[in-house]
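For reference, the structure is listed below as structure tokens.
2 protein chains.
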Amino acid sequence: MERLDGLGAVGQHARERLRFLAYAHELTSVGRFVRLVDGSRPENSAEHSWHVGLCAIVLAPSAAPAVNLERVLKMLAVHDLVEIEVGDVPIYDKSARAAVAELERAAATEVFNRLPEGRQLHEVWIEFDALDTQEARFARAVDRLQPILLHWIGGGRLWRSAGIRRQQLDEISQFIHELCPELAALAQAIINDAADRGDFPEDHFQ
Amino acid sequence: MERLDGLGAVGQHARERLRFLAYAHELTSVGRFVRLVDGSRPENSAEHSWHVGLCAIVLAPSAAPAVNLERVLKMLAVHDLVEIEVGDVPIYDKSARAAVAELERAAATEVFNRLPEGRQLHEVWIEFDALDTQEARFARAVDRLQPILLHWIGGGRLWRSAGIRRQQLDEISQFIHELCPELAALAQAIINDAADRGDFPEDHFQ
């Protein structure tokens, strides 16, 4: 990274932008709980960030036609950058999720401070975190739906091996419903089908 | 994938959208020439697709403030989906790149036909391919700059081991210049610095 200081032909701000983009690429090394569809390895947060953007592009016309898609895509492109600092905490671990929320907010300040015009992107991140706009609600709903889709297409292996219960999925589905009912209908259909095929065996031992 | 047919609670179009998104996730398994900054493994096309989107978000305000960023981000999210069918062909292999161009166009028809409203995204892909709009030119310029940034931040290992010559980089930089002079200035500064530190040793044996 030090080499960037030697890039004398371009201005300071341009160098800092390139430095930020090189730093951001480390998101490729942040592993997530969910695995690729073929089960071969965990998905990483860079891949996830691309796929949720594609999900938003594909699902917005039917599920949230009034959203400002540019704003949604900016949110989804930057929403996980804080994980370079604090790592990914699975949604299923509620207490760890609550504990990391403040760390993520502090990390966001640090991450976007690296960028000359970072305040604008920091505001995008804060908007996603606060859920006060329809863009943030749709983006977060997509962010919750995407791993459910992957777990399910992958055959529910990880749900079974980790002992995830249907009630945990229903709670996520309920959260999605509060954000975007159209996406919750997709999530609920997937969860129902997963339950029918036996993805939540722990439910039988409660 | 067959399981999607059993998702009776949602409509046919919704099922086809989910099927498309599951298919698209296979882009995570398409390896590229360039490696992660730490050299540990090749970048894949899903990670690249996310990172070029982030590059566009960060660089557009200074390099192309008039572009429709939503259109640019859509292009970059879908531009490499055809590689699920035809693989990634490095920019440095000019004859293979020329040979694959028609295959990619045929693959685009097939890929976007999988989606109920796929015509709109197919048009986005065709626009990126044709370079007739400022959005396509900026998006393609970012797509060319991003791997140069990664190769360079990674210390130029791959340029050296693959015997890439400076002239090949200068040609890419010239192409970027035709698309977006502001980004070409960044590319040229990087290439100059890479040459100074000895990333193109083959040049001495011409």
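Protein chains in written order, with our numbering: chain U, 1 to 206; chain E, 1 to 206. The beta carbon of each residue, even a glycine, is placed where N, CA and C say it ideally should be. The structure displayed is predicted, hence computed values, not measured ones.
- The residue from F20/U, T28/U, A63/U, R41/U with its alpha-carbon nearest to that of S49/U is T28/U.
- At least 7 Å separates the CB of W125/U from every CB of chain E.
- Assignment of V86/U by DSSP, reduced to helix, strand and coil, places it in the helix class.
- Look at the region 148-180 of chain E: the residues with a C-beta under 8 Å from a C-beta of chain U are L149, L150, W152, I153.
- In the structure shown, G163/U falls within a coil segment according to DSSP collapsed to helix, strand and coil.
- About 6 Å separates the Cβ atoms of R144/E and I172/E, confirming a contact at the 8 Å cut-off.
- The region 47-80 of chain E is shown to contain whole alpha helix (DSSP H) runs of 4 or more residues at 69-78, in chain order.
- Closer than 7 Å to the CB of H122/E there is not a single CB belonging to chain U.
- Under the three-state reduction of DSSP, F20/U is assigned to helix.
- Contact check for L21/E against C55/U passes: the beta carbons are separated by less than 7 Å.
- A99/U counts as exposed, since fewer than 16 other C-beta atoms from the protein chains shown sit within 10 angstroms of its C-beta.
- Nearest CB-CB separation between D129/U and chain E: not below the 7 Å threshold.
- Taken in chain order, the whole alpha helix (DSSP H) runs of length 4 or more contained in the region 86-138 of chain E are 94-113, 118-130.
- DSSP lists G31/E as the beta-bridge partner residues of N44/E.
- Segment contact: the region 63-70 of chain U against the region 4-18 of chain U, fewer than three CB-CB distances shorter than 8 Å; contact not assigned.
- For the options I148/U, R97/U, D129/U, A107/U, the alpha carbon positioned closest to that of A185/U is the one of I148/U.
- Using beta-carbon distances, D143/U does not count as an interface residue toward chain E, since no partner is under 7 Å.
- The same chain holds no residue with a CB closer than 7 Å to that of E178/U once the five nearest residues on each side in sequence are set aside.
- Taking a cut-off of 8 Å on C-beta distances, the region 118-133 of chain U touches the region 102-110 of chain U, as three or more cross pairs fall below it.
- The three-state secondary structure of F200/E, taken from DSSP, is coil.
- Under the three-state reduction of DSSP output, A195/E falls in the helix class.
- S49/U belongs to the set of residues whose beta carbon lies under 7 Å from a beta carbon in chain E.
- For I191/E, the closest Cβ of chain U is not nearer than 7 Å.
- Only residues of its own chain outside the window of five on either side were considered, and among them W152, G156 have a CB closer than 6 Å to the CB of A194/E, listed in chain order.
- For K94/E, no Cβ of chain U is located within less than 7 Å of the residue's own Cβ.
- Pairing R197/U with E102/E, the inter-Cα distance amounts to about 42 Å.
- By the CB criterion at 7 Å, L73/U and A24/U fall outside the cutoff.
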